[in-house]
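First up is the structure itself, then whatever we jot down about it.
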Amino acid sequence: MRTLLVIGIGSGNPEHMTIQAINALNGADVVLIPRKGPAKDDLAQLRRKICERYLTNPATRIVEFDLPVRDAADPSYLAGVADWHHAIADTYRRLLLAETGDDGAVALLVWGDPSLYDSTLRIVDRLAQSAGFAFRHEVIAGITSVQALAAGHKIALNTVGNPFQITTGRKLKEGFPDDVDTAVVMLDGGLSFDHLDAHMFDIYWGAYLGTADEILIAGKLGDVAEEIVRVRAEARETHGWIMDTYLLRRR
Numbered sequence: 000m001r002t003l004l005v006i007g008i009g010s011g012n013p014e015h016m017t018i019q020a021i022n023a024l025n026g027a028d029v030v031l032i033p034r035k036g037p038a039k040d041d042l043a044q045l046r047r048k049i050c051e052r053y054l055t056n057p058a059t060r061i062v063e064f065d066l067p068v069r070d071a072a073d074p075s076y077l078a079g080v081a082d083w084h085h086a087i088a089d090t091y092r093r094l095l096l097a098e099t100g101d102d103g104a105v106a107l108l109v110w111g112d113p114s115l116y117d118s119t120l121r122i123v124d125r126l127a128q129s130a131g132f133a134f135r136h137e138v139i140a141g142i143t144s145v146q147a148l149a150a151g152h153k154i155a156l157n158t159v160g161n162p163f164q165i166t167t168g169r170k171l172k173e174g175f176p177d178d179v180d181t182a183v184v185m186l187d188g189g190l191s192f193d194h195l196d197a198h199m200f201d202i203y204w205g206a207y208l209g210t211a212d213e214i215l216i217a218g219k220l221g222d223v224a225e226e227i228v229r230v231r232a233e234a235r236e237t238h239g240w241i242m243d244t245y246l247l248r249r250r
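Here the sequence shown is numbered in numbering that gives the first Met the number 0, starting from 0 and rising by one per residue.
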């Protein structure tokens with residue numbers, strides 16, 4: 000039976016690779032590296048560097064492919080994501096058939112951890128329903144951008160005895176979560192903290208976490224919000240893409 004290895008590779012530092020992840024990488028017959036266009040070639044390049052550094056199995060092949068792109072113009076976000084995931088699942092199906100035999104193992108290198116705000120596992124579930132052949136999959140945990148953010152700022156994620164919530168920019172627009180004093184915000188394309196009372200929160204913001212281009216800014220939200228907006232825009236212009244995460248804490 001074919002095996003699909005879903006390997007968390009950390010948030011950008013090749014040294015985030017765990018021994019378990021390295022062993023799984025070397026147990027694959029094929030490593031799939033997605034390409035997301037010239038503007039995001041850095042993402043593919045990191046995966047290549049990981050393979051160059053840790054891949055010692057001479058029998059393992061690297062196969063690059065073009066990842067389908069979500070239609071951002073679709074008026075229905077959920078419908079657009081569903082169509083996008085279907086297209087990716089179909090791409091995986093064709094690659095599995097073309098690149099492996101019945102007992103082959105394929106590795107997917109996933110940013111951060113596959114279980115936290117990443118769609119790979121949902122896409123694998125979709126693939127299992129539509130592939131037309133049986134396969135098994137394993138998940139190898141990775142270091143998340145949330146962990147890298149806390150480490151970069153040298154802070155604990157929670158205050159003493161209290162919970163914190165991980166949410167998205169889309170949900171933050173509806174208001175700061177109730178019943179917590181700390182929220183970690185991911186997938187925020189528009190810096191949704193701009194509608195909050197800036198005097199009530201501290202912010203710990205980070206971009207390109209774990210990489211040589213890492214940027215960290217912290218302080219009272221009212222004092223540093225404009226700086227974050229400016230620095231973020233400049234970084235996105237320089238690199239052509241940005242991945243950022245931030246923690247908000249009630250003052």
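Think of the CB as a built atom: it goes at the ideal place given N, C-alpha and C, for glycine as much as any other residue.
Nearest residue (CA-CA) to residue i, options the options
| i | options | result |
| --- | --- | --- |
| residue 88 | 149, 22, 69 | 69 |
| residue 55 | 27, 35, 247 | 27 |
| residue 165 | 156, 157, 128, 182 | 182 |
| residue 138 | 172, 109, 65 | 109 |
| residue 149 | 187, 202, 120 | 202 |
| residue 184 | 227, 145, 200 | 145 |
| residue 131 | 93, 161, 151, 142 | 93 |
| residue 103 | 73, 136, 120, 163 | 136 |
| residue 41 | 245, 235, 250 | 235 |
| residue 43 | 20, 8, 17 | 8 |
| residue 95 | 223, 244, 1 | 1 |
| residue 207 | 124, 147, 220 | 147 |
| residue 105 | 82, 123, 238, 141 | 123 |
| residue 45 | 111, 194, 200, 196 | 111 |
| residue 83 | 189, 67, 231 | 67 |
| residue 161 | 249, 6, 60, 241 | 249 |
| residue 143 | 36, 244, 195 | 244 |
| residue 172 | 23, 190, 159 | 190 |
| residue 100 | 47, 71, 134 | 134 |
| residue 212 | 237, 228, 194 | 237 |
| residue 195 | 175, 78, 179 | 175 |
| residue 239 | 36, 4, 23 | 36 |
Residue i, DSSP secondary structure in three states
| i | result |
| --- | --- |
| residue 201 | strand |
| residue 170 | helix |
| residue 142 | coil |
| residue 179 | coil |
| residue 243 | strand |
| residue 163 | coil |
| residue 192 | helix |
| residue 151 | helix |
| residue 184 | strand |
| residue 235 | helix |
| residue 121 | helix |
Neighbourhood of residue i by C-beta distance below 6 Å, restricted to the same chain and skipping five residues each side
| i | result |
| --- | --- |
| residue 62 | 29, 31, 98 |
| residue 65 | 34 |
| residue 221 | 197, 198 |
| residue 91 | 126 |
7 Å Cβ shell around residue i - same chain, five flanking residues per side excluded
| i | result |
| --- | --- |
| residue 210 | 11, 12 |
| residue 49 | 8, 13, 16, 108 |
| residue 19 | 139 |
| residue 25 | 54, 55, 56, 59 |
Beta-carbon contacts of residue i that lie in its chain and below 8 Å, excluding the five residues immediately before and after
| i | result |
| --- | --- |
| residue 186 | 116, 167, 168, 169 |
| residue 226 | 216 |
| residue 157 | 163, 181 |
| residue 152 | 203, 205, 215, 217, 246 |
| residue 179 | 161, 162, 163, 164 |
N- and C-terminal bounds of the alpha helix (DSSP H) containing residue i
| i | result |
| --- | --- |
| residue 47 | 40–53 |
| residue 21 | 18–25 |
| residue 63 | Where residue 63 is concerned, there is no enclosing alpha helix (DSSP H), although the beta strand (DSSP E) it sits in stretches over 60–65. |
The beta strand (DSSP E) enclosing residue i, as first and last residue numbers
| i | result |
| --- | --- |
| residue 214 | 214–219 |
| residue 79 | From DSSP, residue 79 is part of no beta strand (DSSP E) but of the alpha helix (DSSP H) over 76–98. |
| residue 1 | 1–7 |
| residue 31 | 29–34 |
| residue 108 | 104–109 |
Whole-angstrom C-beta distance between residue j and residue i, which should lie under 8 Å
| i | j | result |
| --- | --- | --- |
| residue 114 | residue 120 | 7 Å |
| residue 140 | residue 192 | The pair is not a contact, with the Cβ atoms about 29 Å apart (cut-off 8 Å). |
| residue 53 | residue 6 | Their Cβ separation, rounded to whole angstroms, is 11 Å, which puts residue 53 and residue 6 out of contact at 8 Å. |
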